[in-house]
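Structure record follows, encoded as structure tokens.
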Amino acid sequence: MESPIVGRAATVVVVRDAEAGLEVLLLERPVAGSFGGAWAFPGGRVDPEDSHPDDPEEHAVHDEAFSAAPAAVRRAAVRETREETGLLLAESHLVELSRWVPPARAPKRLTTWFFLARDPGGEMLLSADEHVDSAWLRPAVALERHAAGEMVLFPPTWLTLHGLAGAGSVEDALGSAPRPAAHFASYQLLDADGRIEAVLWAGDAQYGDPAAAGSGRHRLTISRLPWVYERT
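Throughout the sequence shown, residue numbering follows our numbering, covering 81 to 312 in sequence.
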């Protein structure tokens with residue numbers, strides 16, 4: 081049974097240039113709580129105060145053809161980053177990267193927009209209630225730690241890091257952001273025991289129908305480490 085979309089969320093991939101190359105900011109969530117024990121980018125749910133009376137109509141927010149992030153989502157991205165890290169971002173500096181719709185079986189389905197933003201500098205102050213650690217890492221290093229079982233990641237975080245692994249600098253990352261933003265409506269492929277074998281997206285032959293024939297692949301196999309991404 082498909083669970084309804086119950087709201088919206090914003091995630092910000094904060095990046096900076098370092099001696100070894102591009103680094104991203106990752107935050108470790110507490111074991112007890114949402115995304116328990118996982119490393120994730122700053123972000124959170126869109127709150128009522130993020131919406132303004134003069135905002136444009138948002139009736140098409142969940143339509144796949146709707147590509148631009150609503151103003152309320154951008155405000156939430158800035159607010160959540162400030163609350164979680166103390167970093168002060170400008171809405172105008174957010175580059176829309178992707179939009180994610182959780183699988184139908186997910187218990188709490190929030191359409192989530194991912195943004196890319198340059199590190200604004202300044203002191204970082206973690207929200208003690210929401211995070212237990214932080215790290216600036218090259219995307220490839222984070223993926224290596226995940227493959228070794230040293231870091232917990234969720235598929236949207238993993239795939240975002242995978243996409244940034246080839247960027248040599250902040251300018252490279254910002255310049256290669258897809259236009260329009262990528263759209264990922266996730267579908268879970270289950271094994272015979274009902275466990276999640278892979279997450280599929282549009283373009284995969286079995287997307288929406290595990291019995292379908294065809295060789296096209298657009299999936300992330302997560303049944304064992306290391307995870308394997310295929311797109312043909």
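Cβ atoms here follow ideal geometry from the backbone N, Cα and C, with glycine treated the same way.
- Nearest Cα to residue 210 within the set 231, 163 and 90: 163.
- The shortest CA-to-CA distance from residue 181 to any of 290, 84 and 269 is the one to 84.
- Listed in chain order, the beta strand (DSSP E) runs fully inside the segment 216–271 are 262–265 and 267–270, counting runs of at least 3 residues.
- In the three-state reduction of the DSSP assignment, residue 114 falls in the coil class, being assigned neither a helical nor a strand state.
- With 16 or more other Cβ atoms from the protein chains shown falling within 10 Å of its own Cβ, residue 122 counts as buried.
- For residue 130 against residue 159, the beta-carbon gap comes to about 7 Å, under 8 Å, which counts as contact.
- According to the DSSP secondary-structure assignment, residue 281 is paired through a beta bridge with no residue.
- The Cβ atoms of residue 214 and residue 105 sit closer than 8 Å to each other.
- Spatial neighbours of residue 298 in its own chain (CB-CB distance under 6 Å, excluding positions within 5 residues in sequence) are listed in chain order as 281, 283, 284 and 311.
- Secondary structure note for residue 163: its alpha helix (DSSP H) is the uninterrupted segment 151–165.
- With a cut-off of 8 Å on Cβ pairs, the segment 88–102 is in contact with the segment 250–269, counting three or more such pairs.
- Annotation for residue 178: the continuous beta strand (DSSP E) segment containing it runs 175–181.
- Residue environment: residue 234 is assigned as exposed (fewer than 16 neighbouring CB atoms within 10 Å of its CB, all protein chains considered).
- Using a Cβ distance threshold of 8 Å, residue 279 and residue 194 do not count as a contacting pair.
- The beta carbon of residue 262 sits closer than 6 Å to those of 178, all from its chain and outside the five residues before and after it, given in chain order.
- For residue 98, the enclosing beta strand (DSSP E) stretches over residues 85–98.
- For residue 192, the enclosing beta strand (DSSP E) covers residues 189–198.
- Across the set 135, 190, 127 and 216, the C-alpha of 216 shows the shortest separation from the C-alpha of residue 165.
- In the structure shown, residue 295 adopts coil according to DSSP, grouped into three states.
- One Cα belongs to residue 114, the other to residue 191, and the distance between them is close to 16 Å.
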